[in-house]
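Q: Per our numbering, the sequence shown runs over residues 24 to 196. Sharing a structure here in C-alpha cells format.
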Amino acid sequence: MTEVINYTARELLRDGSQVEIRALRREDEADMLAAVERTSAQSLQRRFFVMKRHFSEKERAFFIDIDFKNHVAIVALAEDAGRKVIAGGGRYIVFAPGRAEMAFVVVDSWQGRGVGSILMRHLVKFASDAGLQELTAEVLPENAAMIKIFGKFGFKLAAHRDPQTLHLMLKLS
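In C-alpha cells, the structure reads:
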C-alpha cells in the first residue's frame, strides 16, 4: 500500500482553517508525543480505555512503526502559533483477513471542528481501497462525540462480550 505512505491531502475544517492529512512518519514521534501532552486525561482515557499519559518504548515503537499494509496510520497537521502541530491521528490495524479495528484521537483544542470526521473519511477510503470488508471500533458508552462520528459513517452497534464498551462495525463494499 505504498500510495498511503506518500499520501497527503489538504482539508478545510468547519471554522475555515486548513489541515493537512498525511501518513504518519517515523520522524513524527516527538510531535506525536507532544500531541499526547496537549490532550486531556479524559480524551486519552476515551482513546485507550485507561489513564494513559506515558508510553513504554515498546508502545512507542508499536504506534510509530507502521507497515501501511496491516497497520495504517494518518495524522491531521494544523497551524498553531506559526508552526505545524498534530491536531489528531487515526489508524486501523488488520486483526483478521479482510477485517481491521480502527481508532483515533483528536487533541482537545481541535475537537468539534471536523478533524475526527476528516480522519474517519480518509481511513475508511484507505481500508476500502485495500480490499478490507469490515471495520470495527470499540468505544466507551460515554464518548458521545465519537459514537456520533462512527454513526455518521454508517457504523452499527454489534454484539460483543465486553459490557464496558460499545462494539461498532461497518461493512465495506
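The C-beta atom is built at its ideal place from N, Cα and C for all residues, glycine as well.
Under the assumption that Met55 contacts Ile141 (Cβ atoms under 8 Å), give the Cβ distance between them as a whole number of angstroms.
A: Their Cβ separation, rounded to whole angstroms, is 18 Å, which puts Met55 and Ile141 out of contact at 8 Å.
Q: When the Cα of His106 is compared with those of His183, Gln41, Thr31 and Val27, which residue comes out closest?
A: The sequence given here places Arg at residue 106; His does not occur at that position. When only C-alpha atoms are compared, the closest one is Gln41.
Q: Figure out for me which residue from Val147, Gln187 and Glu157 has the closest Cα to the Cα of Glu165.
A: Residue Gln187 is the option with its Cα nearest to Glu165.
Q: Contact defined as beta carbons within less than 8 Å: I believe Ala167 pairs with Phe178. What is the distance between those atoms, to the nearest angstrom?
A: Ala167 to Phe178, Cβ: 14 Å. No contact.
Q: Assign Arg37 to buried or exposed, taking buried as 16 or more other Cβ atoms, counted over all protein chains shown, within 10 Å of its Cβ.
A: The residue in question, Arg37, is exposed, as its Cβ has fewer than 16 Cβ neighbours within 10 Å.
Q: Determine the closest residue to Gly112 out of Ser151, Leu158 and Ala58, with distance taken between C-alpha atoms.
A: Selected option, being the one with the closest Cα: Ala58.
Q: Taking the alpha carbon of Glu124 as the point to measure from, which residue in Ser132, Phe173 and Ala84 has its own alpha carbon closest?
A: Nearest C-alpha to Glu124: Phe173.
Q: If distances are taken between C-alpha atoms only, which option among Arg48, Glu52 and Val98 comes closest to Glu34?
A: Checking every option, the nearest Cα to that of Glu34 belongs to Val98.
Q: Once DSSP output is grouped into helix, strand and coil, what is the label at Arg144?
A: Helix, per DSSP.
Q: Going by DSSP, what residue range makes up the beta strand (DSSP E) through Lys92?
A: First-last for Lys92: undefined, no H or E at that position.
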